Every structure is written in structure tokens, then in C-alpha cells.
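If you number the sequence shown the way the working numbering does, the last residue is 500 and the count never jumps. Even for Gly, the Cβ is constructed at its ideal location relative to N, Cα and C. The structure presented is a predicted model; accordingly, all values stated were derived computationally and were not measured. A quick write-up on the structure given underneath.
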Amino acid sequence: MLELDLLLNNFVDQNFKTLSQQHRQSFELLLSYPDQTLLDLLLGNSVSSDAEIANVVGLIRATPFN
């Protein structure tokens, strides 16, 4: 899904090198979610019950789009 590619690539380009190991693991888990679930999380249409996933989603959403 193009929208996901744009959001996730932007985040990786700007932030992945500085993520903690825990955040990297949570990000990798997030990538295993179905596209629609992932899009809903990133657009704020749903909230993860997993605090670590919610934290990473917040980081992705806070990343300025370049």
C-alpha cells in the first residue's frame, strides 16, 4: 500500500538508526500487522493495546514528512 510505504520509509530514513533495540523490535512486530490494521494505527483510527507498539506508532506519527 503506497500510503504505508511513504509513512514507513520516511520514518526509517529519519529515525531508525537512533532507535533503541526495544523500539526496533516493536517496529519489526508492527510491520507484521495486516496493512489495514497498520494504516488504522498510523492514521489514529485505532489504538494498540500494546504499550510498546503504541509508543512506536507515536514516534512514526510524530516524524515530520520530508
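Since L441 and I494 should fall inside the 8 Å C-beta cutoff, what is the C-beta to C-beta distance between them, to a whole number of angstroms?
Reading the sequence shown from its first residue, position 7 is the one you call residue 441. Reading the sequence shown from its first residue, position 60 is the one you call residue 494. Right, the Cβ-Cβ distance comes to about 6 Å (below 8 Å), so this counts as a contact.
Given that a residue counts as buried once 16 or more other Cβ atoms are within 10 Å of its Cβ, and exposed if not, what is L464?
Along the sequence shown, read from residue 1 onward, the residue named residue 464 stands at position 30. By the 10 Å Cβ count, L464 comes out buried.
Among residues of its own chain, excluding the 5 on either side of N489, which ones have a beta-carbon nearer than 8 Å to its beta-carbon?
Translated into positions along the sequence shown, residue 489 becomes position 55. Only H457, S460 meet the Cβ criterion.
Going by beta-carbon coordinates alone, are S480 and D474 separated by less than 8 Å?
Your numbering for residue 480 matches position 46 in the sequence shown. Your numbering for residue 474 matches position 40 in the sequence shown. Yes, the pair counts as a contact, with Cβ atoms nearer than the cut-off.
Grab the span of the alpha helix (DSSP H) containing F499 for me, first residue to last.
One-based indexing of the sequence shown puts residue 499 at position 65. Careful: F499 lies outside any alpha helix (DSSP H) and carries neither H nor E.
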